[in-house]
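All remarks here apply to the structure that follows.
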Amino acid sequence: MKLLVTGGCGFIGSNFINYYFYKNPNVEIINIDAMYYCANETNISQEIRNSTRYKLVKGNLCSIDLLRLILETYEIDTIIHFAAQSHVQNSFDDSIQYTNDNILGTHTLLEASRKYGKIQKFIHISTDEVYGESMIKEDEIKKTENTILCPTNPYAATKAAAELIAQSYYFSFKMPIIITRGNNVYGPNQYPEKLIPRFIEQLQHDKQVTIQGDGTNLRAFLHVLDVCSALECVINQGLVGEIYNIGSDEHHEYSVTEIAHKLIRLIKKTDEYEKWITYIEDRPFNDKRYHISNEKLKQLGWTIKVDFDKGLQELV
Numbered sequence: 001m002k003l004l005v006t007g008g009c010g011f012i013g014s015n016f017i018n019y020y021f022y023k024n025p026n027v028e029i030i031n032i033d034a035m036y037y038c039a040n041e042t043n044i045s046q047e048i049r050n051s052t053r054y055k056l057v058k059g060n061l062c063s064i065d066l067l068r069l070i071l072e073t074y075e076i077d078t079i080i081h082f083a084a085q086s087h088v089q090n091s092f093d094d095s096i097q098y099t100n101d102n103i104l105g106t107h108t109l110l111e112a113s114r115k116y117g118k119i120q121k122f123i124h125i126s127t128d129e130v131y132g133e134s135m136i137k138e139d140e141i142k143k144t145e146n147t148i149l150c151p152t153n154p155y156a157a158t159k160a161a162a163e164l165i166a167q168s169y170y171f172s173f174k175m176p177i178i179i180t181r182g183n184n185v186y187g188p189n190q191y192p193e194k195l196i197p198r199f200i201e202q203l204q205h206d207k208q209v210t211i212q213g214d215g216t217n218l219r220a221f222l223h224v225l226d227v228c229s230a231l232e233c234v235i236n237q238g239l240v241g242e243i244y245n246i247g248s249d250e251h252h253e254y255s256v257t258e259i260a261h262k263l264i265r266l267i268k269k270t271d272e273y274e275k276w277i278t279y280i281e282d283r284p285f286n287d288k289r290y291h292i293s294n295e296k297l298k299q300l301g302w303t304i305k306v307d308f309d310k311g312l313q314e315l316v
């Protein structure tokens, strides 16, 4: 396999390369990354960076000439497309940049791939946020892959738009598109603007954790290694033209305040939680919950292996 990974110096992309490189000794990986603030080439292990089976290209997906050169030069047959502006908070302040990178970048990659004509699988990484908000109630129905998209923030809207363009290439040009929609992810190499590494960094520096709003918003988290195994499953067994939710199992949701409590216990060894929490102004819109079904992916044989509490312990 000759695999093009976009955004492979970011959080999930780098973990995927570190995982997939060793699981598949015959794979050759080309990593294209624009190297924005949250990317770091040393997120990739030193051994991989020194290998002839790995190549980093620093460049932007909006350059169709660069993409066509990469596809032709390295004879790429599979693409996994992580690259995106992904921090929701920043999308409220700089949404045009999100449109350029997440929509135009994806469209350019699709068009370069179409003209190249030799891609066997194109895995487009999306988010559960494209579904919009779920309610916090016992009988709330989980979002399935057939649920209508209803994004509520600029980031999610750009990801939904990118999905629709990818789907159009499947229908119009028979491109071998597969889409995944994942819930929140945590693990090593995550930039500290995200909730869990931000809380950890704040507590380790004897600062209060900052919670937007009242802290009741529910979030489900998957360890990045479980996401990597899910993507491996999709590459190997996923059907072209299909969408797969990558979500947590039942009863694995926690409020933002509950996550703060867990980390305060782990790092500060106390249950005096309010001493270590400060509540700040909420986002312009902050979805209460993302409640998605993972049954379709589990039918491919995927299972969650990393316990949330154990995963947090390993991080701190």
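Numbering (UniProt numbering), first residue to last: 1 to 316. Idealized CB from N, CA, C, for every residue including glycine.
Coarse secondary structure for residue i, derived from DSSP in three states
i: Arg-283; result: coil
i: Val-209; result: strand
i: Thr-52; result: coil
i: Asp-93; result: coil
i: Glu-28; result: strand
i: Val-306; result: coil
i: Val-234; result: helix
i: Val-88; result: helix
i: Lys-137; result: coil
i: Ala-177; result: Residue identity check: residue 177 is Ile in the sequence provided, not Ala. Of the three classes helix, strand and coil, the one that applies to Ile-177 here is strand, per DSSP.
i: Lys-115; result: helix
i: Val-316; result: coil
i: Val-227; result: helix
Cα-Cα separation, residue i to residue j
i: Ala-161; j: Gly-105; result: 12 Å
i: Ser-255; j: Phe-173; result: 43 Å
i: Tyr-279; j: Ile-48; result: 42 Å
i: Ser-229; j: Ile-292; result: 18 Å
i: Leu-71; j: Glu-281; result: 45 Å
i: Lys-115; j: Val-316; result: 46 Å
i: Val-306; j: Ile-196; result: 16 Å
i: Asp-128; j: Arg-181; result: 5 Å
i: Ile-235; j: Asp-287; result: 30 Å
i: Tyr-169; j: Tyr-22; result: 32 Å
i: Phe-92; j: Tyr-37; result: 18 Å
i: Lys-198; j: Gly-117; result: Checking the sequence shown, residue 198 turns out to be Arg, not Lys. One C-alpha to the other measures close to 42 Å.
i: Glu-41; j: Met-35; result: 8 Å
i: Asn-153; j: Asp-94; result: 12 Å
i: Leu-3; j: Ala-112; result: 15 Å
i: Ser-134; j: Tyr-290; result: 5 Å
i: Tyr-155; j: Asp-249; result: 25 Å
i: Gln-97; j: Gln-46; result: 32 Å
i: Val-240; j: Cys-233; result: 13 Å
i: Ile-44; j: Ile-179; result: 24 Å
i: Arg-68; j: Asn-24; result: 25 Å
i: Asp-101; j: Arg-219; result: 26 Å
i: Gln-190; j: Ile-12; result: 8 Å
i: Gln-85; j: His-124; result: 14 Å
i: Gly-215; j: Thr-257; result: 5 Å
Integer Cβ distance of residue i from residue j, believed to fall under 8 Å
i: Lys-296; j: Glu-145; result: 6 Å
i: Pro-176; j: Ile-259; result: Not confirmed; about 38 Å, so no contact.
i: Cys-9; j: Asp-33; result: 4 Å
i: Glu-28; j: Arg-53; result: 5 Å
Residue i Cβ short of 7 Å to the ligand SAH heavy atom set
i: Gly-241; result: Only the bare structure without any ligand can be found here, which leaves the ligand SAH out of the picture.
Exposed unless 16 or more other CB atoms sit within 10 angstroms - verdict on residue i
i: Gln-202; result: buried
i: Thr-270; result: exposed
i: Thr-6; result: buried
i: Phe-171; result: exposed
i: Gly-187; result: buried
i: Thr-303; result: exposed
i: Asn-18; result: buried
i: Gly-301; result: exposed
i: Glu-138; result: exposed
i: Phe-221; result: buried
i: Pro-151; result: buried
i: Phe-82; result: buried
For residue i, the residue or residues it bridges with in DSSP
i: Arg-219; result: Tyr-254
i: Leu-4; result: Ile-30 and Ile-79
i: Ile-246; result: Gly-182
i: His-107; result: His-107 is not bridged to any residue.
i: Lys-121; result: Thr-78
i: Thr-278; result: Thr-210
i: Thr-127; result: Gly-182
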